[in-house]
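Enquirer: Dropping a structure here in structure tokens format, bear with me for questions.
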């Protein structure tokens with residue numbers, strides 16, 4: 026018995042190691058590429074375009090989502106931010122879908138594990154889902170429930186900061202575009218545009234907030250004269266003792282060149298891994314255990330046999346529903362889902378069922394808990410219901426399209442679930458490149474973020 030248990034453990038570890046070896050380089054490559062794209066297109070620069078729902082805004086949202094996230098939970102946070110900044114609910118939900126299902130690293134891993142047919146199924150399915158979400162949430166999400174959702178968001182934000190990005194306490198201040206990181210609760214502003222005369226101020230033991238309660242600003246245009254200001258044990262990262270700033274030009278140095286871009290992009294890479302590394306690990310472990318321990322006959326037991334004689338549309342409907350519910354109870358992230366999706370495909374689920382399973386990573390039980398915290402119970406129920414219907418419709422559409430045109434892969438065309446990655450092959454060569462590269466890139470990003478006070 027002990028020998029049997031030992032063999033099972035060794036088998037699970039072997040599957041886990043082989044799975045990790047298979048997906049490491051495509052995942053690392055995708056995250057590195059995504060970090061460069063995120064550096065070139067920050068989220069805050071495009072939020073203003075999402076205030077209404079139309080074809081243009083959904084297209085823009087789709088592109089934004091593709092370059093903004095790698096993880097369901099990070100995507101949920103960003104979509105919440107978009108709603109807080111007055112984006113429409115339809116755009117925020119389209120962003121949520123796009124940023125979890127149309128991301129570069131997911132595409133690369135999908136091809137590596139399951140082949141090109143599933144990549145195109147995911148792309149087409151993702152686009153159908155975004156259009157469906159845009160339509161359903163703009164037409165059928167009750168206005169009174171949306172109002173309740175927005176009130177829940179506002180109640181969680183006691184101070185309204187229109188475009189504040191620096192962690193500022195400005196509860197009584199009428200500034201909508203301040204980026205200074207200062208407590209200016211009692212400031213008097215006369216036609217002021219963020220200009221401050223702080224020539225005689227003394228700051229001791231300042232912790233990132235500057236009390237300028239008696240300051241007066243007259244017709245200033247973002248220039249700050251801080252020539253005699255003293256900072257002792259300040260944690261703000263701003264040495265302004267002898268500096269005169271015109272137009273709020275505060276950075277200590279202006280970085281230029283390729284290396285500065287790589288360093289800033291590496292910061293995004295490190296933050297991504299800090300957010301999603303645990304989820305990816307859990308996803309790989311859970312999926313590998315299921316693949317190692319559950320035989321194909323066990324997976325087939327979940328699905329409706331083709332011998333039952335059900336109509337094609339009903340058989341596809343049931344498979345998509347089953348795929349969605351399996352995704353809801355599986356605690357895996359967007360990328361980790363792909364390994365389990367491969368197991369489901371080998372177990373006999375339909376093509377549309379696989380796509381429905383992959384797309385349903387926004388409906389996992391932990392994600393639903395996040396929605397409740399962000400938006401409240403009733404808004405979350407409507408949100409989950411419309412997302413479920415959207416994913417179900419998308420899975421049926423993809424299944425009909427790919428089966429109708431004869432594009433569905435057979436079992437023989439899909440990668441083997443537990444294939445050995447060792448030997449002189451592409452996987453080994455690419456891992457030998459990307460393992461040291463990703464370690465160096467991660468350390469570079471961690472150092473850059475620590476220097477900016479964003480160590481994670």
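Numbering (the numbering used here), first residue to last: 26 to 481.
Using N, Cα and C, we set each Cβ at its ideal position, and we do this for glycine too.
Bear in mind that the values here come from a model prediction, so they are computed numbers and not experimental data.
1) So, with DSSP's three-state summary, where would you put residue 461?
2) Could you pull out every unbroken alpha helix (DSSP H) segment of at least 4 residues lying fully inside the segment 111 to 179, listed in chain order?
3) Under a three-way DSSP split, which group does residue 472 fall into?
4) Please look up how many angstroms separate the CB atoms of residue 369 and residue 382, rounded, as I've assumed it's under 8 Å.
5) Please identify the residue among 451, 297, 450, 387 whose C-alpha is closest to the C-alpha of residue 62.
6) Between the alpha carbons of residue 54 and residue 177, how many angstroms are there, rounded?
7) Could you tell me if residue 33 is buried or exposed, where buried requires 16 or more neighbouring beta carbons within 10 angstroms of its beta carbon?
8) What is the C-beta distance between residue 128 and residue 82, in whole angstroms, given that I count them as a contact (C-beta under 8 Å)?
9) In whole angstroms, give me the CA-to-CA distance for residue 372 and residue 380.
10) By how many angstroms is the C-alpha of residue 169 removed from the C-alpha of residue 468?
11) What's the C-alpha gap between residue 4 and residue 64?
12) I think residue 76 touches residue 125, with their Cβ atoms under 8 Å apart; what is that distance to the nearest whole Å?
13) Taking 7 Å as the cut-off, is the C-beta of residue 363 nearer than that to any heavy atom in the ligand FAD?
14) To the nearest angstrom, report how far apart residue 304 and residue 295 are at their CA atoms.
15) Using 10 angstroms around the beta-carbon of residue 202, count the other beta-carbons present and answer buried if the total reaches 16, otherwise exposed.
16) Going residue by residue through the segment 314 to 391, where are the continuous alpha helix (DSSP H) segments of at least 4 residues, counting only ones entirely within it?
17) Would you tell me roughly how many angstroms separate the C-alpha atoms of residue 376 and residue 342, rounded to the nearest one?
18) Which residue marks the beginning of the alpha helix (DSSP H) containing residue 81, and which one marks its end?
19) Look up residue 15 in the DSSP assignment and say whether it is helix, strand or coil.
20) Give the straight-line distance between the Cα atoms of residue 38 and residue 115, rounded to the nearest whole angstrom.
21) Is the segment 150 to 170 close to the segment 447 to 459, with three or more CB pairs under 8 Å?
22) Are residue 131 and residue 364 closer than 8 Å when you measure CB to CB?
23) Could you round the C-beta distance between residue 99 and residue 284 to whole angstroms and report it? I think they count as a contact, below 8 Å.
24) What's the call for residue 338, buried or exposed, on a 16-neighbour Cβ count within 10 Å?
25) For residue 40, which option in 88, 181, 393, 312 has the closest C-alpha, if you only look at C-alpha atoms?
26) Looking only at its own chain, which residues have a Cβ that is under 7 Å from the Cβ of residue 162, when we skip the five neighbours before and after it?
27) What's the C-alpha gap between residue 352 and residue 389?
28) Hey, could you find the ends of the alpha helix (DSSP H) residue 409 is sitting in?
29) Roughly how many angstroms lie between the CA atoms of residue 122 and residue 477, to the nearest whole one?
30) In the DSSP assignment, the alpha helix (DSSP H) including residue 109 goes from what residue to what residue?
31) If you count every other CB in all the chains shown that lies within 10 Å of the CB of residue 344, and 16 or more means buried, which is it?
Expert: Looking at the coordinates:
1) Position 436 of the chain shown, counted from the start, is the residue given in the question as residue 461. Here residue 461 sits in helix by DSSP.
2) 114 to 126, 129 to 139, 141 to 164
3) Position 447 of the chain shown, counted from the start, is the residue given in the question as residue 472. Correct three-state label for residue 472: helix.
4) Walking along the chain shown from the start, residue 369 turns up at place 344. Walking along the chain shown from the start, residue 382 turns up at place 357. Right, the Cβ-Cβ distance comes to about 6 Å (below 8 Å), so this counts as a contact.
5) For the purposes of this step, residue 62 is taken as residue 37 along the chain shown, with counting starting at 1. Cα-wise, what sits closest to residue 62 is 297.
6) If you number the chain shown from 1, residue 54 lands on position 29. If you number the chain shown from 1, residue 177 lands on position 152. Spanning the two alpha carbons is a distance of roughly 39 Å.
7) Sequence index remark: in the chain shown, residue 33 carries index 8 (1-based). Exposed: under 16 other Cβ atoms inside 10 Å.
8) Translated into the one-based positions of the chain shown, residue 128 becomes position 103. Translated into the one-based positions of the chain shown, residue 82 becomes position 57. That belief does not hold up - the Cβ atoms of residue 128 and residue 82 are roughly 20 Å apart, past 8 Å.
9) Taking the chain shown and counting its residues from 1, the one referred to as residue 372 is at position 347. Taking the chain shown and counting its residues from 1, the one referred to as residue 380 is at position 355. Each residue's Cα considered, the two are about 14 Å apart.
10) Your numbering for residue 468 matches position 443 in the chain shown. Your numbering for residue 169 matches position 144 in the chain shown. Cα to Cα, residue 468 sits roughly 48 Å from residue 169.
11) Outside the shown range of the chain, which is 26 to 481, sits residue 4, and nothing can be said about it.
12) Residue numbering aside, residue 76 sits at position 51 when the chain shown is read from its first letter. Residue numbering aside, residue 125 sits at position 100 when the chain shown is read from its first letter. With 8 Å as the limit, residue 76 and residue 125 do not qualify as a contact, their Cβ atoms being about 23 Å apart.
13) This structure does not include the ligand FAD; it has no bound ligands of any sort.
14) Your numbering for residue 304 matches position 279 in the chain shown. Your numbering for residue 295 matches position 270 in the chain shown. Straight-line Cα distance between these residues: approximately 15 Å.
15) Residue 202 sits at position 177 when you count from the first residue of the chain shown. Its pLDDT being 42, under 50, residue 202 is placed unreliably in this model, and the value from its coordinates should be taken loosely. The residue in question, residue 202, is exposed, as its Cβ has fewer than 16 Cβ neighbours within 10 Å.
16) 321 to 325, 337 to 354, 359 to 372, 376 to 384
17) To locate residue 376, count along the chain shown from 1; it is residue 351. To locate residue 342, count along the chain shown from 1; it is residue 317. Distance between the alpha carbons of residue 376 and residue 342 is about 11 Å.
18) On the chain shown, residue 81 is found 56 positions in, with the first residue counted as 1. Taken as a continuous stretch (DSSP letters only), the alpha helix (DSSP H) holding residue 81 covers 80 to 93.
19) Residue 15 cannot be examined here, being either before or after the span of the chain that is shown, 26 to 481.
20) In the chain shown, counting from the first residue as 1, residue 38 sits at position 13. In the chain shown, counting from the first residue as 1, residue 115 sits at position 90. Near 43 Å, if we compare the C-alpha coordinates of residue 115 and residue 38.
21) no
22) Translated into the one-based positions of the chain shown, residue 131 becomes position 106. Translated into the one-based positions of the chain shown, residue 364 becomes position 339. Taking 8 Å as the Cβ cut-off, residue 131 and residue 364 do not qualify as a contacting pair.
23) Your numbering for residue 99 matches position 74 in the chain shown. Your numbering for residue 284 matches position 259 in the chain shown. Not confirmed; about 27 Å, so no contact.
24) On the chain shown, position 313 is the one that residue 338 refers to. Exposed is the call here.
25) Mapped onto the chain shown, residue 40 falls at position 15. Among 88, 181, 393, 312, the Cα nearest to that of residue 40 is on 312.
26) For the purposes of this step, residue 162 is identified with residue 137 of the chain shown, where counting begins at 1. Cβ neighbours of residue 162 beyond the five flanking positions: 114, 115, 118, 411.
27) By one-based count along the chain shown, residue 352 stands at place 327. By one-based count along the chain shown, residue 389 stands at place 364. Those two C-alpha atoms are separated by around 6 Å.
28) Numbered from 1 along the chain shown, position 384 holds the residue referred to as residue 409. Its alpha helix (DSSP H) spans residues 402 to 429.
29) Position 97 of the chain shown, counting from 1, holds the residue named residue 122. Position 452 of the chain shown, counting from 1, holds the residue named residue 477. About 31 Å.
30) The residue given as residue 109 occupies position 84 in the chain shown. Unbroken alpha helix (DSSP H) run through residue 109: 97 to 109.
31) As a first step, residue 344 must be located in the chain shown, where it is residue number 319. Buried: at least 16 other Cβ atoms inside 10 Å.
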